[in-house]
Amino acid sequence: AQSVTQLGSHVSVSEGALVLLRCNYSSSVPPYLFWYVQYPNQGLQLLLKYTSAATLVKGINGFEAEFKKSETSFHLTKPSAHMRDAAEYFCAVSVRQAGTALIFGKGTTLSVSS
Amino acid sequence: DAGVTQSPTHLIKTRGQQVTLRCSPKSGHDTVSWYQQALGQGPQFIFQYYEEEERQRGNFPDRFSGHQFPNYSSELNVNALLLGDSALYLCASSLGVNTEAFFGQGTRLTVV
Chain A
1 AQSVTQLGSH VSVSEGALVL LRCNYSSSVP PYLFWYVQYP NQGLQLLLKY
51 TSAATLVKGI NGFEAEFKKS ETSFHLTKPS AHMRDAAEYF CAVSVRQAGT
101 ALIFGKGTTL SVSS
Chain E
115 DAGVTQSPTH LIKTRGQQVT LRCSPKSGHD TVSWYQQALG QGPQFIFQYY
165 EEEERQRGNF PDRFSGHQFP NYSSELNVNA LLLGDSALYL CASSLGVNTE
215 AFFGQGTRLT VV
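Read top to bottom, the protein sequences are chains A and E.
Using the working numbering, the final residue of the first sequence is 114, and nothing's skipped along the way.
Using the working numbering, the final residue of the second sequence is 226, and nothing's skipped along the way.
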């Protein structure tokens, strides 16, 4: 069985500050891990994905995440937040590299203040 | 490329009624997955259709059923609607089950 836990339902940062969104996973098989972003009234957009090729994954919009097997974590970071980064972020796990039949966390709302 | 399109964007139904939601996959895609996203929650996998057959199913009751047509478009049907079925329903398409899934903007269903 697989599951994802996102720590912190709401994260607030100032523009230019470091963004850190936490995700821990549980999986009985080697996992494929994903981060998605959802803007208001829109669907989900893939930010990045871990498929075992490299533990540090770079995604779109300056985001990156590091897979740490020993900590069962896949935290999302961005060195400098922009106002446009304010959105809902979801961590997800799948048994498939492509990320179909995803199991999502409950999400973290990122607020960015000027 | 129109991407994944879903219809309608919003609808309101009464408890006990039945509803059909529609999804047209991204051009070239042949696999469709459906998710339910309740307010304040992450999406939950309902089922996936490939080659007109349900290939995988999440933990949803039989009131939730689907169909995939020869042109790869898909429908999600929900019978005997409950208040708890109120949610954003997301459709995602991919080429087979081993390529990246692209999401539509969803259908907001409100059950009153």
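Each residue gets a CB set at the ideal place from its N, CA and C atoms; glycine is no exception.
Give a yes or no on whether the minimum CB-CB distance between A:A101 and chain E is below 7 Å. Using beta-carbon distances, A:A101 counts as an interface residue toward chain E, with a partner under 7 Å.
Should E:F178 be flagged as near chain A, meaning a C-beta pair shorter than 7 Å? Not one chain A Cβ lies under 7 Å of E:F178.
C-alpha distance - A:S114 paired with E:D144, whole-angstrom precision: Distance between the alpha carbons of A:S114 and E:D144 is about 44 Å.
Leaving aside the five residues before and after A:F104 along the sequence, list all residues of the same chain whose C-beta is less than 6 Å from its C-beta, in chain order. Only F90 and A92 meet the Cβ criterion.
Kindly indicate the opening and closing residues of the beta strand (DSSP E) around E:I160. Start and end: Q158 to Y164.
According to DSSP, what are the bridge partners of E:A254? The question about residue 254 of chain E has no answer, for chain E in this structure spans 115 to 226.
Give the interface partners of E:F174 over in chain A, defined as CB-CB distance under 8 Å, in chain order. Correct list: empty, because the minimum Cβ distance to chain A is about 13 Å.
Can you list the residues of chain D that E:Q182 reaches, using a CB-CB cut of under 7 Å? In summary, chain D is missing from the structure at hand, where the protein chains are A and E.
Among A:A101, A:T55, A:G59 and A:H82, which one has its Cα closest to the Cα of A:S70? Checking every option, the nearest Cα to that of A:S70 belongs to A:T55.
Using a Cβ cut-off of 7 Å (strictly closer), state whether A:G105 contacts chain E. Cβ-Cβ to chain E under 7 Å: yes for A:G105.
For A:Q123, which of A:P31, A:L102 and A:L46 has the nearest alpha-carbon? Residue 123 of chain A lies beyond the residue range present for chain A, which begins at 1 and ends at 114; the question has no answer from this structure.
Relative to chain A, which residues along the segment 180-209 of chain E have a C-beta separation below 7 Å, given in chain order? For the segment 180-209 of chain E, the set of positions with a beta-carbon nearer than 7 Å to some beta-carbon of chain A reads L204 and S208 in chain order.
Determine, using beta carbons only, whether A:C23 and A:H75 come nearer to each other than 7 Å. Going by C-beta atoms, A:C23 is nearer than 7 Å to A:H75.
If we cut at 7 Å on Cβ distances, does E:P157 have a partner in chain A? At least one CB atom of chain A sits nearer than 7 Å to the CB of E:P157.
Kindly indicate which residue of A:Y50, A:A1, A:G16 and A:T5 has the alpha-carbon position closest to the one of A:S111. Comparing alpha-carbon positions, the option among A:Y50, A:A1, A:G16 and A:T5 lying closest to A:S111 turns out to be A:G16.
Backbone CA spacing between E:K127 and A:L7 [nearest angstrom]: If I take the Cα positions, the gap works out to 35 Å.
Starting from A:L46, find everything on chain E with Cβ-Cβ shorter than 7 Å and list it in chain order. Those within 7 Å of A:L46 in chain E are E214.
Proximity to E:L190 [Cα-Cα], best of E:L197, E:C205 and E:P184: For the residues E:L197, E:C205 and E:P184, the minimum Cα distance to E:L190 belongs to E:C205.
Between A:Q2 and chain E, is there a C-beta pair that is closer than 7 Å? In terms of beta-carbon proximity, A:Q2 stays away from the interface with chain E, with every pair separated by 7 Å or more.
CA-to-CA distance, A:V4 to E:V211, given in whole angstroms: Here the alpha carbons of A:V4 and E:V211 stand approximately 21 Å from one another.
By the three-class DSSP mapping on this structure, what secondary structure does E:G180 have? Residue state, collapsed to three classes: strand.
Rounded to the nearest angstrom, how far is the Cβ of E:Q150 from that of E:Y203, given a contact under 8 Å? Yes, they are in contact, since the Cβ atoms of E:Q150 and E:Y203 sit about 6 Å apart, within 8 Å.
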